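Q: Protein chains in written order, with the working numbering: chain W, 1 to 162; chain V, 1 to 110. Before we start, here is the structure in question, set down as structure tokens.
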């Protein structure tokens, strides 16, 4: 148990919060079963399998613009922005943007859920990187298509601590 | 730190109706990372970090972030939304201790 760094209480609590969010329908429509804790200590493959269930991920080409520094001097604060050149209409929109850092102990960094009202699929965040690693942006469209863009970031001083 | 939970929301100074507006937001929060003892074993305790960021505009959730401990201390997020009507933009952060921090910005057209 302690290997995962989560107390039973915190895991249950997080699940409860996510479950409640799913039940009330944060986006006003039924969401698929995503009621699970995101930040698990796991390998990249296990994380991708858990989140995407082995669905194929296509290369995004020019559709997904992932902006990260090539060299991050301080791994504790690495700015990431993702811009997706896809329409945001109620019938076809970008549902989720995932940021994945391959070699982090917690590889799934963040998941952004978007509604069509956002107008444009864009997000930015400051993330931590433990060591030099590939950073991926994985975009999930409303029809379930997965697209990814990948860039390597060289990290001088890691920022994930333990 | 008494500053925990201070939220800043920055919007462009002039917004026109129908614009897709990019907003930057920041919260002061430690986002505790996993600690290990001398043997490299993870210390089992309740870590305080933000798990959810919700952006509401005109009473509707437009963007939400699910975040983990891989997100930096004093996290900064940016996002876009389409400004259709004047109203309030609310950004709410929730952490693992049940703390809730909110910041708002009034969307006005010039």
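We put the CB at the ideal spot given by N, CA and C, even for glycine. Just so it is clear, the structure is predicted and the values come from calculations on it, not from any experiment.
Give the residues of chain W in contact with residue 22 (chain V), contact being defined as C-beta atoms less than 8 Å apart.
A: 122
Q: Using a Cβ-Cβ distance cut-off of 8 Å, determine whether residue 76 (chain V) contacts chain W.
A: yes
Q: To the nearest angstrom, how far is it from the Cα of residue 133 (chain W) to the Cα of residue 89 (chain W)?
A: 34 Å
Q: Per DSSP, residue 57 (chain V) is paired with what?
A: V:60 and V:89
Q: Once DSSP output is grouped into helix, strand and coil, what is the label at residue 19 (chain V)?
A: coil
Q: Taking the beta strand (DSSP E) that residue 71 (chain V) belongs to, which residues open and close that run?
A: First-last for residue 71 (chain V): undefined, no H or E at that position.
Q: What in chain W is Cβ-close to residue 79 (chain V), meaning under 9 Å?
A: 112, 114, 118, 122, 123 and 124
Q: What residues in its chain sit with their C-beta under 7 Å from that of residue 111 (chain W), if we drop five residues either side in the sequence?
A: 38, 96 and 98
Q: With DSSP collapsed to three states, give me the class of residue 146 (chain W).
A: strand
Q: Assuming residue 121 (chain W) contacts residue 114 (chain W) (C-beta within less than 8 Å), just tell me the rounded distance between them.
A: 6 Å
Q: Between the region 58-72 of chain V and chain W, which residues of the former have a C-beta closer than 8 Å to a C-beta of the latter?
A: 60, 61, 62, 63, 64, 65, 66, 67, 68, 69, 70, 71 and 72
Q: Could you check where the beta strand (DSSP E) with residue 44 (chain W) kicks off and where it finishes?
A: Note, residue 44 (chain W): premise wrong, no beta strand (DSSP E); alpha helix (DSSP H) at 44-52.
Q: Any chance the region 57-72 of chain W sits against the region 132-151 of chain W, with 3 or more Cβ pairs inside 8 Å?
A: When Cβ pairs closer than 8 Å are counted between the two stretches, the region 57-72 of chain W is seen to touch the region 132-151 of chain W, the count reaching three or more.
Q: Can you tell me the Cα-Cα spacing of residue 88 (chain V) and residue 5 (chain V), whole angstroms?
A: 20 Å
Q: Should the region 72-84 of chain V be called in touch with the region 133-143 of chain W, which here means at least 3 C-beta pairs below 8 Å?
A: no
Q: Mind checking the region 78-105 of chain V against chain W and listing, in chain order, the residues whose C-beta falls within less than 9 Å of any C-beta there?
A: 78, 79, 80, 81, 82, 83, 84, 94, 96 and 98
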